[in-house]
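See below for the structure under consideration.
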DNA sequence: GCTTGAAACTAAAACGATTTAGCATTTCGA
DNA sequence: TCGAAATGCTAAATCGTTTTAGTTTCAAGC
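Residue numbers (the working numbering), protein chains in the order written: chain Y, 1 to 344; chain R, 345 to 688.
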């Protein structure tokens with residue numbers, strides 16, 4: 001063996017190794033050897049070589065060769081991080097799919113997929129820079145590093161950024177500051193005085209803005225800043241832990257704003273564990289990014305991006321960019337929707 | 345215009361239309377016209393033609409041409425339906441990614457993506473049959489139609505089926521019947537007598553098996569079949585509605601098995617609305633397919649696939665198939681894990 | 001008048017697979 | 001013994017794009 005640093009093995013490599021033509025190898029690989037009458041012995045030799053050399057087909061070549069030249073194939077991607085919860089993209093995904101279905105015809109097919117990158121390492125995503133993976137993408141859940149990378153790069157295809165503001169990109173995001181302000185107003189309206197904002201340690205643009213606007217509004221109306229409780233991550237357990245510590249230390253809290261619903265879910269647990277009642281002892285406002293906010297006990301009052309509207313905007317923008325290339329970058333603001341349930 | 349049923353436009357089409365070579369078009373498309381000194385007027389003409397003809401680049405060709413021949417690119421996919429909740433695949437996804445990362449080196453890159461198909465229409469997924477999209481896939485959340493399609497087809501690449509049993513495929517699934525039996529045992533152990541099983545109208549293989557095994561066990565021990573409550577879909581709201589109707593009709597229930605956690609979440613709401621307490625009045629057992637079963641109130645007792653184990657098995661199998669092609673199909677059973685929380 | 005250089009392009013190869021048409025042999029039937 | 005049919009393979013084109021290595025034209029410099 002010892003074929004250390006060769007180039008990857010192709011059908012040619014195998015053909016040479018066995019002493020046949022690439023055509024024969026291809027025939028065997030696609031299990032067509034019966035109808036094309038290859039000798040059983042040859043088939044076996046080729047199969048053995050394929051296994052021995054560890055052949056992996058080149059998808060791009062295969063796709064280029066086998067596609068029907070009459071139909072255009074358009075690849076759409078939703079790019080998110082491994083670290084972010086997947087449901088955050090599901091609305092956008094479904095909306096893109098719906099619009100793609102509406103535009104599908106015998107000469108035009110779409111595939112919509114979710115591409116994943118490690119948070120902060122968008123730049124390493126294969127094929128992003130040379131436009132060799134997608135005809136258009138929606139990028140979301142980026143970290144500041146990724147934002148910086150995008151800002152410094154002009155991607156030569158359709159890109160819509162979801163939930164962030166990045167210069168020279170088509171961006172769709174909630175109206176800046178609006179969520180935090182409305183959340184504060186709801187809690188202020190129920191005559192609370194001990195305000196707390198629960199955030200993850202690592203803030204994205206939206207979560208940072210929510211927290212900032214909330215604090216600004218509370219300060220403006222009460223003269224005092226809310227207490228800030230910081231969860232180590234964005235999962236419920238860390239939210240629970242952080243708030244539990246806050247309450248256990250005897251620090252006051254009768255109005256809580258959680259900048260994501262996962263954290264709110266954790267907060268619910270901490271509040272129950274501390275024998276307080278929602279909303280009697282502590283009013284809670286969340287964001288509405290969780291599919292099941294309605295099934296929280298009590299149902300969670302939310303101020304947050306109108307997800308359906310955002311999804312629609314983002315998908316519409318993507319298809320718009322796809323058809324009219326080189327349109328001016330636009331920043332679309334979607335005002336938050338307020339769903340008053342029981343928790344505040 | 346009126347170029348109705350032509351073939352899709354390529355760089356050649358544009359080149360001919362403008363009266364330049366494909367090379368010039370390509371140069372403009374990749375924004376390299378400055379360094380390659382194309383005349384500004386030509387650039388503009390090409391740009392205009394690109395827009396006018398509605399050019400869409402062929403991703404496969406671009407990728408084939410631009411990839412570094414020294415590195416092998418391996419495309420892995422997790423195939424699920426638009427209809428199924430995305431979080432069902434997140435564990436498998438993360439595990440595949442982890443193993444891919446471990447196998448990544450300068451000559452070997454992976455991309456892991458989620459491919460979506462419409463439930464029951466897996467056969468229509470572009471590139472599935474001719475192996476021109478993925479080097480290996482994990483297929484999950486299939487409906488019977490999809491299963492039939494798979495059973496009738498020999499896909500010429502690495503395929504692992506998650507949560508189903510399909511002849512001639514590498515399948516990973518929970519030990520058949522085990523979940524339902526254990527769930528029944530838990531409820532029987534707390535001396536209940538009015539058993540109810542909550543299922544969606546459209547049963548998948550696993551949900552059907554859970555329900556069947558649950559009923560069989562209850563019948564065997566009590567001589568009576570559990571009542572069957574059927575939700576119109578798998579979302580919490582439909583579970584709530586179905587159980588609410590059951591309770592409102594005055595029909596008995598002191599032990600509930602919900603075959604998915606989404607339905608359990610809905611059931612919780614119906615039970616609260618009916619002024620019953622969990623587990624005092626009604627004991628509930630769920631499946632553990634929801635990320636937040638621990639944050640239900642009260643926390644949900646679950647019997648279900650040990651998701652981490654399943655994810656590990658499924659990812660390991662995929663990479664195994666990828667390296668040793670043509671291994672015998674195997675059916676891997678993962679025994680359910682039981683997490684006793686508060687609800688039963 | 002001849003070289004040099006810049007400007008503005010093009011021809012052709014290459015990426016890796018699949019498939020069509022066809023070329024040698026061998027076998028078989030009459 | 002000859003032609004036809006079957007057997008077992010290969011050559012070469014092709015998919016659409018990018019890039020390298022030119023080529024041609026014109027202006028400037030000597």
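Glycine residues also receive a C-beta, built at the ideal position from the N, C-alpha and C atoms.
For chain R, is any of its Cβ atoms less than 8 Å away from the one on residue i?
{"i": "residue 33 of chain Y", "result": "no"}
{"i": "residue 59 of chain Y", "result": "yes"}
{"i": "residue 66 of chain Y", "result": "yes"}
{"i": "residue 8 of chain Y", "result": "yes"}
{"i": "residue 307 of chain Y", "result": "no"}
{"i": "residue 168 of chain Y", "result": "no"}
{"i": "residue 365 of chain Y", "result": "Outside the displayed range of chain Y (1 to 344) lies residue 365 of chain Y, so it cannot be described from this structure."}
{"i": "residue 1 of chain Y", "result": "Bear in mind that the predicted position of residue 1 of chain Y carries a pLDDT of just 37, short of 50, making it too unreliable to give a figure here."}
{"i": "residue 156 of chain Y", "result": "yes"}
{"i": "residue 54 of chain Y", "result": "yes"}
{"i": "residue 269 of chain Y", "result": "yes"}
{"i": "residue 36 of chain Y", "result": "no"}
{"i": "residue 265 of chain Y", "result": "yes"}
{"i": "residue 320 of chain Y", "result": "no"}
Rounded to a whole number of angstroms, what is the C-alpha to C-alpha distance between residue i and residue j?
{"i": "residue 46 of chain Y", "j": "residue 484 of chain R", "result": "32 Å"}
{"i": "residue 53 of chain Y", "j": "residue 388 of chain R", "result": "49 Å"}
{"i": "residue 128 of chain Y", "j": "residue 134 of chain Y", "result": "8 Å"}
{"i": "residue 104 of chain Y", "j": "residue 110 of chain Y", "result": "7 Å"}
{"i": "residue 200 of chain Y", "j": "residue 410 of chain R", "result": "40 Å"}
{"i": "residue 313 of chain Y", "j": "residue 172 of chain Y", "result": "7 Å"}
{"i": "residue 310 of chain Y", "j": "residue 48 of chain Y", "result": "53 Å"}
{"i": "residue 231 of chain Y", "j": "residue 262 of chain Y", "result": "11 Å"}
{"i": "residue 419 of chain R", "j": "residue 463 of chain R", "result": "23 Å"}
{"i": "residue 1 of chain Y", "j": "residue 664 of chain R", "result": "Any answer about residue 1 of chain Y is weak, because its pLDDT of 37 lies below 50 and its placement is not dependable; what the coordinates show is given next. Rounded to the nearest angstrom, the two C-alpha atoms are 20 Å apart."}
{"i": "residue 34 of chain Y", "j": "residue 572 of chain R", "result": "51 Å"}
{"i": "residue 290 of chain Y", "j": "residue 438 of chain R", "result": "20 Å"}
{"i": "residue 214 of chain Y", "j": "residue 221 of chain Y", "result": "11 Å"}
{"i": "residue 288 of chain Y", "j": "residue 667 of chain R", "result": "44 Å"}
{"i": "residue 7 of chain Y", "j": "residue 408 of chain R", "result": "15 Å"}
{"i": "residue 174 of chain Y", "j": "residue 121 of chain Y", "result": "24 Å"}
{"i": "residue 348 of chain R", "j": "residue 400 of chain R", "result": "Note that residue 348 of chain R scores a pLDDT of 46, beneath 50, so its modelled location is shaky and nothing firm can be said."}
Between the options, which has its C-alpha nearest residue i's C-alpha?
{"i": "residue 562 of chain R", "options": "R:673, R:507, R:459 and R:532", "result": "R:532"}
{"i": "residue 294 of chain Y", "options": "R:635, R:655, R:609 and R:664", "result": "R:609"}
{"i": "residue 51 of chain Y", "options": "Y:120, Y:35, Y:14 and Y:292", "result": "Y:14"}
{"i": "residue 364 of chain R", "options": "R:386, R:463 and R:481", "result": "R:386"}
{"i": "residue 96 of chain Y", "options": "Y:118, Y:124, Y:73 and Y:136", "result": "Y:136"}
{"i": "residue 156 of chain Y", "options": "R:408, R:373 and R:617", "result": "R:373"}
{"i": "residue 323 of chain R", "options": "R:511, R:675, R:630 and R:497", "result": "This structure leaves residue 323 of chain R out entirely; chain R is present only between 345 and 688."}
{"i": "residue 85 of chain Y", "options": "Y:121, Y:316, Y:303 and Y:233", "result": "Y:233"}
{"i": "residue 73 of chain Y", "options": "Y:131, Y:99, Y:106 and Y:178", "result": "Y:106"}
{"i": "residue 530 of chain R", "options": "R:552, R:627, R:510 and R:581", "result": "R:627"}
{"i": "residue 170 of chain Y", "options": "Y:138, Y:178 and Y:149", "result": "Y:138"}
{"i": "residue 327 of chain Y", "options": "Y:112, Y:212 and Y:159", "result": "Y:159"}
{"i": "residue 598 of chain R", "options": "R:486, R:382 and R:542", "result": "R:542"}
{"i": "residue 82 of chain Y", "options": "R:523, R:652, R:457 and R:371", "result": "R:457"}
{"i": "residue 497 of chain R", "options": "R:486, R:506 and R:512", "result": "R:512"}
{"i": "residue 196 of chain Y", "options": "Y:9, Y:32 and Y:216", "result": "Y:216"}
List the residues that DSSP assigns as beta-bridge partners of residue i.
{"i": "residue 460 of chain R", "result": "R:424"}
{"i": "residue 228 of chain Y", "result": "Y:197"}
{"i": "residue 681 of chain R", "result": "R:648"}
{"i": "residue 676 of chain R", "result": "R:516"}
{"i": "residue 286 of chain Y", "result": "Y:302"}
{"i": "residue 602 of chain R", "result": "R:542"}
{"i": "residue 75 of chain Y", "result": "Y:111"}
{"i": "residue 160 of chain Y", "result": "Y:138 and Y:170"}
Could one say the Cβ of residue i lies closer than 8 Å to chain Y's Cβ atoms, at least one of them?
{"i": "residue 633 of chain R", "result": "no"}
{"i": "residue 358 of chain R", "result": "no"}
{"i": "residue 594 of chain R", "result": "no"}
{"i": "residue 507 of chain R", "result": "no"}
{"i": "residue 419 of chain R", "result": "yes"}
{"i": "residue 684 of chain R", "result": "no"}
{"i": "residue 439 of chain R", "result": "no"}
How many whole angstroms separate the CB atoms of residue i and residue j, which I take to be in contact at a CB cut-off of 8 Å?
{"i": "residue 680 of chain R", "j": "residue 649 of chain R", "result": "6 Å"}
{"i": "residue 584 of chain R", "j": "residue 613 of chain R", "result": "4 Å"}
{"i": "residue 258 of chain Y", "j": "residue 248 of chain Y", "result": "About 18 Å; that fails the 8 Å criterion."}
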